[in-house]
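Since the structure comes first, as structure tokens, the remarks are kept for the end.
Quick look at the structure:
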């Protein structure tokens, strides 16, 4: 079993790096990337929409624009996606987004993001990155 060395300075750099890369993108590009990674239905769900096709419209140039709260959810989700992918890879990141998570009282990150539980989700992502879950 591989072990991870936890380095708080490195973690702060990783968080800042994921944040920095995210804010440099417009919401259409963020949505395109999340659609490619998670699929349109999950992206629409985490953004808080009942229209399962809306994320594809948001991703198109000239398409409809998401509301401010959906933009916040999409941006936050993409930042967490990057952190988890960097630490664990895309396959694990996809499973992390849709799987029951002990840091979220066994809810999924997709549901928690939709509900605006950003701090909890951020802590859950960081726990995975740090390999620090001790439940």
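Numbering (this note's numbering), first residue to last: 2 to 136.
For every residue, glycine included, the Cβ atom is placed at its ideal position computed from N, Cα and C.
Keep in mind that this is a model prediction, so the values were computed, not measured.
Around the beta carbon of residue 80, 16 or more other beta carbons lie within 10 angstroms, which makes this residue buried. The criterion of a C-beta distance shorter than 8 Å is satisfied by residue 82 and residue 38.
In the three-state reduction of the DSSP assignment, residue 131 falls in the helix class.
Exclusion of the five residues before and after residue 75 leaves 28, 31, 32, 35, 48 and 67 as the residues of its chain whose Cβ lies within less than 7 Å of its Cβ.
Two segments are said to touch when three or more pairs of C-beta atoms, one from each, lie closer than 8 Å; by this definition the region 89 to 100 does not touch the region 58 to 67. For residue 18, the closest of 88, 72 and 45 by C-alpha to C-alpha distance is 88. Runs of the alpha helix (DSSP H) spanning 4 or more residues and lying entirely within the region 52 to 115 occur at 55 to 60, 69 to 89, 91 to 99 and 110 to 115, in chain order. According to the DSSP assignment, residue 118 belongs to no alpha helix (DSSP H), since it is labelled neither H nor E. Membership of residue 43 in the alpha helix (DSSP H) is indicated by the continuous run 41 to 48.
Only buried fits residue 84, as 16 or more other CB atoms lie within 10 angstroms of its CB. Taken through DSSP and simplified to helix, strand or coil, residue 26 comes out as coil.
Separation of residue 125 and residue 40 (C-alpha to C-alpha, rounded to the nearest whole angstrom) is 22 Å. In this structure residue 100 touches residue 109 by the C-beta definition: roughly 6 Å separates them, less than 8 Å.
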